[in-house]
Amino acid sequence: MAVFIVLKRPGPPTREVLVNLDQIMMVQPGQGSGSAVLFGREHLVSFEEDVATVIRRIQTGPYIQVAPPK
Numbered sequence: 032m033a034v035f036i037v038l039k040r041p042g043p044p045t046r047e048v049l050v051n052l053d054q055i056m057m058v059q060p061g062q063g064s065g066s067a068v069l070f071g072r073e074h075l076v077s078f079e080e081d082v083a084t085v086i087r088r089i090q091t092g093p094y095i096q097v098a099p100p101k
């Protein structure tokens, strides 16, 4: 079962996206503000939330769980 958290991507336009917890390799401060999440070796994505907020959501949710189709 896939587990996701919701984070905001900077804009324009700002948008909320689902982030698969299994794919996160590292969270680091973003350039200027916010955070950057590393997915794989070279896939770095910026988000509006600061590092502490991203870590808190990874640890405590809220989560969105998606079960595979039967």
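Residue numbers (the numbering used here): 32 to 101. In this text, a Cβ means the ideal position worked out from N, Cα and C, and glycines have one as well.
query: Simplified DSSP assignment, three categories, for Q96; result: strand
query: Cβ distance (whole Å) where V68 is taken to contact V85 below 8 Å; result: 7 Å
query: Sub-8 Å separation of G65 and F78 beta-carbons; result: yes
query: Cα-Cα separation between Q54 and A83, rounded to whole angstroms; result: 19 Å
query: For D81 and G63, the rounded distance between their alpha carbons; result: 11 Å
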